[in-house]
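For the sequence shown, this note's numbering begins at 673 and goes up steadily by one.
Glycine is no exception: its CB is placed at the ideal position from the N, C-alpha and C atoms.
The structure presented is a predicted model; accordingly, all values stated were derived computationally and were not measured.
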Amino acid sequence: MLNINCLLLRLTLNCGLLLLTTSTVYAQTISATLEGRVTDSSGAAVPEAVVTVVNTATGASRSGGSSDQGEYRFALLPAGEYTVTAEKGGFSRQSKRVTLQIGQIASLDFSLAVGAVQEQVTVEASAEVLEPTRTQVSTVINSNQIVNLPVNGRQFIDFVLLAPGVSIGDTTSGSTDVIVEPVTKISFASQNIHYNFVAIDGADNISTASGIQKTTPSQEAVQEFRVINAEYSAMFGRAVGGIVNIITKSGTNQTHGSLYSFFRNDALDARSILQPGNKTLEQYQFGGSLGGPIRREKSFYFLNYEGQRRMEAPFYNSFILSNIARINAAKANFGLPAENLNVLRDSNFDNVLGKWDHIVSPQHSVSVRYFFNNARFANVSPLNDGFDLPSAFKNNDLEDHSVVGNLTSSFSSTLVNELRAQYARRSFDFPVVSTQPHLEVANTFAIGVNRGNPDFYKEPRFEIVDNVTHVRGGHTWTFGGNFNWVRTTESFPLFYPFEATFASLNDLINGTPFVIFFQRFQAPTFMEPTINRSVYLGGAISEAVRNQAKGVLTHTYDGLFIQDKARITNRLTMNFGLRYEWETWPAKALNNDLNNWDPRVGFAYNAGGGWKAVIRGGGGFFHGTIPSPLLACQIPSCGGTLGKFPTREAKEDDLNATTRLFAFASAPFITNLALNNLLGRPNLLNPTPSNGTYPDAVRAGAAGCPSGFLSSCGFFGDAVIVRFARDHQAPLAYQFGTSVEIEPYPTWNLTASYLRVRGLRLGSFLNVNQPRPSGTQVLHNSNGQTGPKNTYFCPAAICGAPGLPGTANPNFAVYFEADSQWDSVYDGMFLTLGKRAGRYFGMNLSYTLGKGLDNGPNPSFVLIPQDTKNLRAERALSADDARHRFTGNATFSTPATFPKVTRNFMLSTILTLESPHRFTKFAGFDANGDVFGVNDRVGIEPRNTFVGDSLKTLDLRLARSFSIDERTKLEFIAESFNLFNTLNVRFFNTTYGAEDFCPFNPAAAGCVARSTNREGSPNPAYGTPRAIFNPRQMQFAVRLSF
């Protein structure tokens, strides 16, 4: 009851703030603005002219008058086609037709001739291509592109990649992202994939638990969307990276609908080099839509259903394919079942969207949209990058519900209000297919329960936004605010039943891991001695374990802003704004960061001239939200049960875990004993075990262990995977950019832009239990240059044996603390050339030249700094750096007047070219002696020096339509993705297998004599493909529209 009362109080206070500030849009503008000037034939202003805009699809209209300067402005117009009329007594009436796009600030001028009032001149027109008062750098993906361009899997969000400065995110390559969403990960300006904002119909579509976008409606239900690279308006918030703003379709005065079916089969596809014996792929996507009037010019509906049934053979790391027999032999030695690479993956879903739009009166309109998605996936790879074998796969049943309501009220031609509310609920069930222990060859492959993902989470959300736009003279004032409440419930059995990490496949075969992690559940002591070994042969994790590893985290994020868009002159428009954002957390979690002020300024200068040049620019501060996937994990598993790290009590939060994690490391002979005892296999210390036994409960007097238990023959302690710094701050970016846009020909635009993004206070984590260096080694980089590298091994005089890892506090093995001290910088130049789609041709080309640098700002095990005291050594090219990227898309159609054999064809294509991404060269074991081995790099090599593969792919779509009658059309479609079957390697095996580069230091640990492998690596798999983009795939479809 107390929580409910607090929520109601908070909601009341926020609503009050919204009303007091007559607030306006919050990063989710779903409408367009139309402005212009009314003059007479001499160019003089015509004041008090009546300007009327009528939506041609629904008949909705709004009217207003021109100012003393002849200017008019209509805000919050739904995207679509309009007829705009200007009239005044003594002048002829003039009408123009215009198409408005989402987020557009369109300019449409009128020149009225003296004449009879009844005289009417209708002009075919479109809003100016250049939008001379828009300050943002953005790209619209319009309905023509969404409908007609080829997109693999009908994931329309992939069209975001057509915009400059955007690429597929590789931030978590080589590690487990905390939650794997079945969506495309997107990076703007080489920034982290968690720093974007995606809105649908103005409503937040980001999962707080995962930090990236949730599933989106069907391609058939989307009208258009805008991709925003840089926004200098204060109305946009919550994004350090970029913004994707999507609007769905609505009904109109005419009934329209469609039925469609897309299907593909592997018979016409090329084989992936990373698939085992079969290349099975069968996919069926089907659905329909229907929209029309409930009451003409008053009330409208739109409905869409889409389903998918997909079955395919997974792909695997080339190392796995080459060594599956040896891997299965090792599993047999452990009493574990063999891997079956011929399992099939299912990806099935059904989603429904319903939308109701109603014109209450000429001043008020309401819209309500409901979206439901039910997805069932089987044998999903938690990483989807070739790292996992089938025993590490998971099933995924998810449900998304969202209801969004929008009320738009036009109190006058200069005062418009928009109120929006959303209630959304997600259930994300992600059970393992097997409870086999997690056995990992570091940075190469993994068997058994995946450690990096929760088993389940659910997340209800409530959101409210209100906005008012007030035009006064040459100023457009906006005031804004938002309120979001989210509660995340998560079950995260992190190291259940246990994890063992090996330096090589030979070590796996020999059963000698370099570290073992495990999890205990029996509070308050967490000292159960054994685990039932039948668990290792089980299916999903039991509900009892799920419930013990469960946590709840509630928080809100809110924002207010004020902005003035001022027409300084007829050519110069300025934006001045200030935004304030804050988040609130439970008392034991983070301190509320309440000083996040974001001043911003932008300008647009209409230089005019023969090419109608517009110069834009601006800069400002941009705060995001704290990515909370790991914070949600802290309560069920990650945060530890012993309390805070000594000497850091004042810095860390108070969220203790409900389960306890341990780590054990020792010499190979000892870890072999520990592994066999955990597995319940016969061994020297226990010839006839009945169950698995934890290392601190294995009696090992015969092995000479000091305390009589195996754990004292090595390093044993608590493992804290993450505890947050209480003063963890929200990420911040400084953005500055400028662009020049020209219109060389009507309906063409050419733009050159520059963007700089400086990311600060970015989040990640580091090992605060790393001790003072025990020594220094002189090692090499890949060019043979030498330099010092610290080691942290425990001195033999203290630990009793050489080679044991060292720690600052012996009660803990690893202790990772999340903080906000990482940073990034991006400089990019964008060139775009566009031709607005006409009857027969449309085209868009974009080229990006960019460079992204960072020091590893992502909560990923492989990005934990090697040296906690030297973050500068982590600075390198970003994993999301794409130096050169080119995309081109075009549509060509033949007219109905052509001969029968060639008429009504449409050809469309997308060409993508991208320079290589970069990856880190890993040693593959704990080379520096700090317990944790998956982040150790070779020698003194920086991050991300392994140069990957360039991307070259051409997608093609050919369609032909046949008219059945005036309103009914049947279309046949053929699509090919990666038409020329180009091999595009996405991820590589980058485990070098030695602590230094062997050609320069043959005596280094791991090196072998006379290796002929790449860079002298002892690992023959080094540099081989781990994951590739799709080979050539074909798809066929039939579509009936009416």
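Query: I'd like the ranges of any beta strand (DSSP E) spanning at least 3 consecutive residues and lying wholly in the segment 1593–1653.; Result: 1623–1635, 1641–1649
Query: Using DSSP with H/G/I as helix, E/B as strand and the rest coil, what is Asp1022?; Result: strand
Query: Kindly indicate which residue of Phe897, Phe1006, Ser1550, Glu969 has the alpha-carbon position closest to the one of Leu1209.; Result: Phe1006
Query: Can you tell me whether DSSP reads Thr696 as helix, strand or coil?; Result: Residue placement at Thr696 is poorly supported in this model, since its pLDDT is 33, which falls under 50; the coordinates still yield a value, given next. Here Thr696 sits in coil by DSSP.
Query: Please list, in chain order, all residues of the same chain as Ala1693 whose beta carbon is under 6 Å from its beta carbon, the five residues on each side excluded.; Result: Phe991, Asn1661
Query: Using a Cβ-Cβ cut-off of 6 Å (strictly less than) and excluding sequence neighbours within five positions of Ile937, which residues of its own chain qualify?; Result: For clarity, residue 937 is Asn in the given sequence; the question names Ile instead. For Asn937, where only same-chain residues beyond five positions count, the Cβ hits under 6 Å are Glu954.
Query: By the three-class DSSP mapping on this structure, what secondary structure does Ser1689 have?; Result: coil
Query: Assign Ile945 to one of two classes, buried (16 or more other C-beta atoms within 10 Å of its C-beta) or exposed (fewer than that).; Result: exposed
Query: Helix, strand or coil for Gly639 per DSSP?; Result: This structure gives no information on residue 639, because the portion of the chain shown stretches from 673 to 1714.
Query: How many angstroms separate the CA atom of Arg981 from the CA atom of Ser1206?; Result: 34 Å
Query: Might you give, ordered along the chain, the residues of its own chain that have their beta carbon closer than 7 Å to the beta carbon of Ser845, omitting 5 neighbours on each side?; Result: For Ser845, the predicted structure reports a pLDDT of 39, less than 50, and the residue's modelled location is therefore unreliable. The matter cannot be settled from this model.
Query: Just grab the DSSP bridge partners of Val838 for me.; Result: Phe860
Query: Cα separation between Glu1135 and Phe972?; Result: 25 Å
Query: Look up Ala1369 in the DSSP assignment and say whether it is helix, strand or coil.; Result: helix
Query: Using the C-alpha atoms, what's the distance from Leu940 back to Arg1704?; Result: 9 Å
Query: With respect to the alpha helix (DSSP H) encompassing Ser994, which residues constitute its N-terminal and C-terminal limits?; Result: 990–1005
Query: Arg1098 bridges to which residues according to DSSP?; Result: Asp1072, Glu1131
Query: If you scan the segment 1135–1210 from start to end, which runs of the alpha helix (DSSP H) of 4 or more residues do you find wholly inside it?; Result: 1177–1182
Query: Going by Cα to Cα distance, which pick from Gln808, Gln766, Val756 is closest to Gln776?; Result: Gln808
Query: Exposed or buried, which one is Tyr1512 when buried takes at least 16 other CB atoms within 10 Å?; Result: exposed
Query: Please work out which residues of its chain come closer than 8 Å, Cβ to Cβ, to Val1710, disregarding the five sequence neighbours upstream and downstream, and give them in chain order.; Result: Tyr932, Ser933, Leu1642, Glu1643, Phe1644, Ile1645
Query: DSSP beta-bridge partners for Arg1711?; Result: Tyr932, Glu1643
Query: Can you find at least 3 beta carbon pairs, one from the segment 1596–1608 and one from the segment 1533–1548, that sit closer than 8 Å?; Result: yes
Query: Report the option in Thr771, Asn1000, Lys951, Gly913 whose CA atom is closest to the CA atom of Gln895.; Result: Thr771
Query: Which residues in the same chain have their Cβ closer than 7 Å to the Cβ of Thr661, if we skip the five residues on either side of it in sequence?; Result: With the chain covering 673 to 1714 only, the question about residue 661 has no answer from this structure.
Query: At which residues does the alpha helix (DSSP H) containing Gln817 begin and terminate?; Result: 815–820
Query: Would you kindly work out how many angstroms separate the C-alpha atoms of Ala644 and Glu1162, rounded to a whole number?; Result: The requested residue 644 does not occur in the structure, where the chain is confined to residues 673 to 1714.
Query: If contacts are defined as beta-carbon pairs under 8 Å, then Val899 and Val912 qualify, I think. What distance do you get, rounded to the angstrom?; Result: At roughly 16 Å, the Cβ-Cβ gap does not stay under 8 Å, so Val899 and Val912 are not in contact.
Query: Return the Cβ separation of Ala1337 and Phe1186 in integer angstroms, given the expectation that the two are a contact with Cβ distance under 8 Å.; Result: 6 Å
Query: Please list, in chain order, all residues of the same chain as Lys1461 whose beta carbon is under 6 Å from its beta carbon, the five residues on each side excluded.; Result: Gln1449, Leu1451, Ile1612
Query: Who pairs with Thr755 in a beta bridge, going by DSSP?; Result: Val726, Arg769
Query: Please classify Arg826 as buried or exposed, where buried requires at least 16 neighbouring CB atoms within 10 angstroms.; Result: buried
Query: Once you ignore the five residues that flank Thr1141 on each side, which residues in its own chain have a CB closer than 7 Å to its CB?; Result: Thr696, Ala747, Leu748, Val1088, Thr1148, Thr1150
Query: If you run the structure through DSSP and keep just helix, strand and coil, what is Asn877?; Result: coil
Query: Would you check if there are 3 or more beta carbon pairs closer than 8 Å linking the segment 1261–1276 to the segment 1378–1388?; Result: no
Query: Measure the Cβ-Cβ separation of Thr1313 and Ala1329 and say whether it is below 8 Å.; Result: yes
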